[in-house]
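Undergrad: Residue numbers (the numbering used here), protein chains in the order written: chain A, 73 to 337; chain B, 14 to 441. Positions of the beta carbon are idealized from the N, C-alpha and C atoms, including for glycine. In this text, all values refer to a predicted model and were calculated from it rather than measured experimentally.
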């Protein structure tokens, strides 16, 4: 059943993909009226799929790559709707919808048992789930922040070039994009931090102190450091625009590398 | 017959840096007008100088060399101007004046500022006595035509003023303008209008500065803002998110290095410079600094122009109104041309009538009141009936090609001259 719900969600996320493609050319307001309800419905099915999948896991606390991908996609959609509720802008959907679609497409493509992405924990399944969920929120925040940096750069470039109309005119205000990126970063940081702390405690309990010398752990630590630098430069020196975008890209790259090392060893 | 002549540059024919060199400030306008009407051949003259155009409008009995005036008064080389100047005569000049007043020649078709600007230019010229007859008729008609265009078409309903565009851009950068600080550097109607729009959209802190501190205080009181001394401009400008510049400075007040310093002082918070001055108060290079957004008058109007599709349809209707009005005006001018002849004819006949009445009185002695009244009525009746056909013919043929011939024939028959209407001799 989880797979059916997931595939149903994928179908609805297809509207989101269409939105992202058409947004560049078409009348986005009309599209938004159809897309958002469809994608929201998809998110509901997606949520049901994730819960059922976890329940079906039962005593087996291992989580597959596909489940983690599915969880990340769901969290991205949650972030999107939170941003939409606060700022009434669907612009992040241009990147979030295709990303969620691809992640869910990958997640639903496998129907048999998979090698575990995350092994079981001596503290029980809830700690693993907590670790994964916290880290995924952090990842989602980094991705959304990176998307916001790109949109900021595009909008800033458009304003400086004094070009109007078409796609660029539908992006939200520069300050709004900046605020979204910053607030999402702040929101995600404690989740990332606690997720890494929980992961460290679990790793130390299972593998001993030498586990920290593992590449995966070091890369995760590096990602956290870049994330912290990103937050600090934004808070202290008010870095925006190009500089912030480059740093966000570094943080995103570090997160991607850590993701690959941890989830796809 | 009066010749209308118009020469100038506008946003279509010349880039901003050429228009900057020809711009005439309010203070210099009377001098420019006086110099213009002293040109050989020029009877009346008006100068219109706005951020989008500099135009000279004259009426004269013979053609005047306005290009030479333009070159000599502004000290600009002929090569620099040659490809940018346009020139209109007679009905083309009338059409252009009507189009300009109706905002059909504006970068933002349908904008409402131009009519006020033309009226101001007219008021200055009229105050100097440089506009009195033919130009008075032309400009009065232009204002009426502009009003008709605005009433009968929707050309102004969806127009986007520079102020509204400035607010639109500010919101594109800052989102909500609530709690944003606006700094108005200089003064002027457009700057005040833009400030008003920004306040209407939520900007709360308004700062004013001006070379004349009292003027800044006046504006601050009017807008519930704060006045700052001009000497502290560079120290205080960092407080503002939006800076509106509108001074008559001939050199930019803000350059790239100022932008870099401001950004550092403001911890990379963006700033938006709305530079509506001509010449520009903000060096366009400052736009290249990260976080600095600089829009000059051309940029604002380009943005406004992007909203013009609907206005274009209304503009087509407005053009038809203009064409009809140009024809009407031409007819009226031709009709007016016959007035001196008609007056001369009437005066000639009146002279004869009075002379004959005096001669009869001399022969018959004093007449009773009733007799006087009867003689008066009879002689007037004869004159009116005699003149009815010639006057009607003069008026009805005023627009026809043979009008000049008919005038000439009537003048010769009655021996009329334009300067001495009593030169006609009675038949005995």
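Could you name the residues of the same chain whose beta carbon sits closer than 7 Å to that of residue 412 of chain B, not counting the 5 residues immediately before and after it, in chain order?
TA: Numbered from 1 along the second chain, position 399 holds the residue referred to as residue 412 of chain B. Cβ within range, chain order: 344 and 347.
Undergrad: Residue 320 of chain A and residue 217 of chain A look like a contact to me (Cβ under 8 Å); what is the Cβ gap, rounded to whole Å?
TA: Residue mapping note: residue 320 of chain A aligns to position 248 of the first chain, counting from 1. Residue mapping note: residue 217 of chain A aligns to position 145 of the first chain, counting from 1. Right, their Cβ atoms sit about 6 Å apart.
Undergrad: I want to verify the contact list: residues of chain B whose CB lies under 9 Å from the CB of residue 257 of chain A, in sequence order.
TA: Looking up residue 257 of chain A in the first chain gives position 185. Those within 9 Å of residue 257 of chain A in chain B number zero; the least Cβ separation is about 16 Å.
Undergrad: Ends of the alpha helix (DSSP H) at residue 155 of chain B?
TA: Indexing the second chain from 1 puts residue 155 of chain B at position 142. Residue 155 of chain B -> alpha helix (DSSP H) spans 147 to 165.
Undergrad: Taking the straight line between their C-alpha atoms, what separation do you get for residue 282 of chain B and residue 310 of chain A?
TA: Taking the second chain and counting its residues from 1, the one referred to as residue 282 of chain B is at position 269. Taking the first chain and counting its residues from 1, the one referred to as residue 310 of chain A is at position 238. Looking at the two C-alpha atoms, the distance is approximately 7 Å.
Undergrad: Could you check how far apart the C-beta atoms of residue 155 of chain B and residue 110 of chain B are, in whole angstroms? I think they sit under 8 Å.
TA: Looking up residue 155 of chain B in the second chain gives position 142. Looking up residue 110 of chain B in the second chain gives position 97. 5 Å between Cβ atoms; contact.
Undergrad: Going along the chain, which residues of the region 306 to 320 of chain A sit with their C-beta nearer than 7 Å to a C-beta in chain B?
TA: Going along the region 306 to 320 of chain A in chain order, one finds 309, 310, 311, 312, 313 and 314 with a Cβ nearer than 7 Å to chain B.
Undergrad: Just to make sure I have the definition right: I need the residues of chain A whose C-beta is within less than 8 Å of the C-beta of residue 280 of chain B. Which are they?
TA: As a working note, residue 280 of chain B is residue 267 in the second chain. Near residue 280 of chain B (Cβ distances below 8 Å), the residues of chain A are 309 and 310.
Undergrad: Report the rounded CA-to-CA distance for residue 295 of chain B versus residue 204 of chain A, giving the unit in angstroms.
TA: For the purposes of this step, residue 295 of chain B is taken as residue 282 along the second chain, with counting starting at 1. For the purposes of this step, residue 204 of chain A is taken as residue 132 along the first chain, with counting starting at 1. Answer to the nearest angstrom: the Cα atoms are 53 Å apart.
Undergrad: With DSSP collapsed to three states, give me the class of residue 52 of chain B.
TA: Counted from its first residue, the second chain places residue 52 of chain B at position 39. Residue state, collapsed to three classes: coil.
Undergrad: Determine the extent of the beta strand (DSSP E) in which residue 240 of chain B is found, giving its start and end residues.
TA: The residue labelled residue 240 of chain B in the question sits at position 227 within the second chain. Start and end: 239 to 242.
Undergrad: Interface residues of chain A around residue 300 of chain B at Cβ under 9 Å?
TA: Position 287 of the second chain, counted from the start, is the residue given in the question as residue 300 of chain B. In chain order: 232 and 234.
Undergrad: Helix, strand or coil: which one does DSSP assign to residue 221 of chain B?
TA: Taking the second chain and counting its residues from 1, one reaches residue 221 of chain B at position 208. Note: residue 221 of chain B maps to strand in three-state DSSP.
Undergrad: What three-state label does DSSP hand residue 110 of chain B in the structure shown?
TA: As a first step, residue 110 of chain B must be located in the second chain, where it is residue number 97. DSSP places residue 110 of chain B in helix when its eight states are reduced to three.
Undergrad: Quick check on residue 246 of chain A - is its C-beta less than 7 Å from some C-beta in chain B?
TA: Your numbering for residue 246 of chain A matches position 174 in the first chain. Yes, its Cβ sits closer than 7 Å to a Cβ of chain B.
Undergrad: Taking CB distances under 7 Å as the criterion, tell me whether residue 22 of chain B reaches chain A.
TA: Within the second chain, numbered from 1, the residue matching residue 22 of chain B stands at position 9. No - not a single Cβ of chain A is within 7 Å of the one on residue 22 of chain B.
Undergrad: So, helix, strand or coil for residue 427 of chain B, using DSSP?
TA: The count along the second chain starts at 1 and reaches residue 427 of chain B at position 414. Here residue 427 of chain B sits in coil by DSSP.
Undergrad: With DSSP run on the structure shown, which of helix, strand or coil describes residue 441 of chain B?
TA: Taking the second chain and counting its residues from 1, one reaches residue 441 of chain B at position 428. Confidence at residue 441 of chain B is low in this model, with a pLDDT of 37, below 50, so the placement of that residue is unreliable and no value is reported for it.
Undergrad: Please state whether DSSP places residue 188 of chain A in a helix, a strand or coil.
TA: Your numbering for residue 188 of chain A matches position 116 in the first chain. Residue placement at residue 188 of chain A cannot be trusted, given a pLDDT of 49 that sits under 50; what the coordinates show is reported in the next sentence. It is a strand residue.
Undergrad: Starting from the C-beta of residue 175 of chain A, find all residues in its chain whose C-beta is less than 8 Å away, skip the five residues before and the five after it, and write them out in chain order.
TA: In the first chain, counting from the first residue as 1, residue 175 of chain A sits at position 103. Closer than 8 Å at Cβ, skipping near neighbours: 141, 142, 144, 145 and 148.
Undergrad: Could you name the residues of chain A that residue 283 of chain B contacts, counting a contact when the two beta carbons are closer than 7 Å?
TA: Stepping through the second chain from its first residue, residue 283 of chain B is reached at position 270. The answer, in chain order, is 246.
Undergrad: Go through its chain and collect everything with a Cβ distance to residue 125 of chain A's Cβ below 7 Å, but skip five positions before and after it.
TA: Counted from its first residue, the first chain places residue 125 of chain A at position 53. Excluding residues within five positions, the ones whose Cβ falls inside 7 Å are 74 and 139.
Undergrad: According to the Cβ coordinates, are residue 328 of chain B and residue 70 of chain B closer than 7 Å?
TA: The count along the second chain starts at 1 and reaches residue 328 of chain B at position 315. The count along the second chain starts at 1 and reaches residue 70 of chain B at position 57. No; because the gap between Cβ atoms is not below 7 Å, this pair is not in contact.
Undergrad: Please name the residue in B:277, B:53 and B:41 whose C-alpha comes closest to that of residue 77 of chain B.
TA: As a position in the second chain, residue 77 of chain B is number 64, starting the count at 1. The option with the nearest alpha carbon to residue 77 of chain B is B:53.
Undergrad: Can you tell me the Cα-Cα spacing of residue 243 of chain A and residue 182 of chain B, whole angstroms?
TA: Locating residue 243 of chain A in the first chain gives position 171, where the first residue counts as 1. Locating residue 182 of chain B in the second chain gives position 169, where the first residue counts as 1. The straight-line gap from Cα to Cα measures roughly 13 Å.
Undergrad: Can you say whether residue 164 of chain A is buried or exposed, counting buried as having 16 or more other CB atoms within 10 angstroms of its CB?
TA: Working through the first chain from its first residue, we reach residue 164 of chain A at position 92. Result: buried.
Undergrad: Relative to the alpha-carbon of residue 168 of chain B, which residue among B:198, B:216, B:333 and B:406 has its alpha-carbon at the smallest distance?
TA: As a working note, residue 168 of chain B is residue 155 in the second chain. Measuring from the Cα of residue 168 of chain B, the nearest candidate turns out to be B:333.
Undergrad: Using the rule of at least 16 other Cβ atoms within 10 Å of the residue's Cβ for burial, across every protein chain shown, is residue 314 of chain B buried or exposed?
TA: Sequence index remark: in the second chain, residue 314 of chain B carries index 301 (1-based). It is buried - the Cβ of residue 314 of chain B has at least 16 other Cβ atoms within 10 Å.
Undergrad: With the cut-off set at 7 Å, would you say residue 298 of chain B and residue 330 of chain B are in Cβ contact?
TA: Counted from its first residue, the second chain places residue 298 of chain B at position 285. Counted from its first residue, the second chain places residue 330 of chain B at position 317. Against a cut-off of 7 Å, the Cβ pair of residue 330 of chain B and residue 298 of chain B comes out as no contact.
Undergrad: How far does the alpha helix (DSSP H) with residue 395 of chain B in it reach, from first residue to last?
TA: For the purposes of this step, residue 395 of chain B is taken as residue 382 along the second chain, with counting starting at 1. Taken as a continuous stretch (DSSP letters only), the alpha helix (DSSP H) holding residue 395 of chain B covers 382 to 409.
Undergrad: Going residue by residue through the region 241 to 298 of chain A, where are the continuous alpha helix (DSSP H) segments of at least 4 residues, counting only ones entirely within it?
TA: 246 to 279, all fully within the region 241 to 298 of chain A.
Undergrad: Using the Cα positions of residue 256 of chain A and residue 212 of chain A, report the straight-line distance between them to the nearest angstrom.
TA: By one-based count along the first chain, residue 256 of chain A stands at place 184. By one-based count along the first chain, residue 212 of chain A stands at place 140. About 9 Å.
Undergrad: Looking at C-alpha atoms only, which residue of B:389, B:349, B:410 and B:368 is the closest neighbour of residue 146 of chain B?
TA: Mapped onto the second chain, residue 146 of chain B falls at position 133. Minimum Cα distance to residue 146 of chain B is reached at B:349.
Undergrad: Are there three or more Cβ pairs, one per stretch, closer than 8 Å when the region 255 to 270 of chain B is compared with the region 271 to 290 of chain A?
TA: Short answer: they don't touch.
Undergrad: Could you tell me if residue 332 of chain A is buried or exposed, where buried requires 16 or more neighbouring beta carbons within 10 angstroms of its beta carbon?
TA: Here residue 332 of chain A refers to the residue found at position 260 of the first chain. Exposed, because fewer than 16 other Cβ atoms sit within 10 Å of the Cβ of residue 332 of chain A.
Undergrad: For a quick check, are the C-beta atoms of residue 41 of chain B and residue 339 of chain B less than 7 Å apart?
TA: Taking the second chain and counting its residues from 1, one reaches residue 41 of chain B at position 28. Taking the second chain and counting its residues from 1, one reaches residue 339 of chain B at position 326. Not in contact: residue 41 of chain B and residue 339 of chain B (Cβ atoms no closer than 7 Å).
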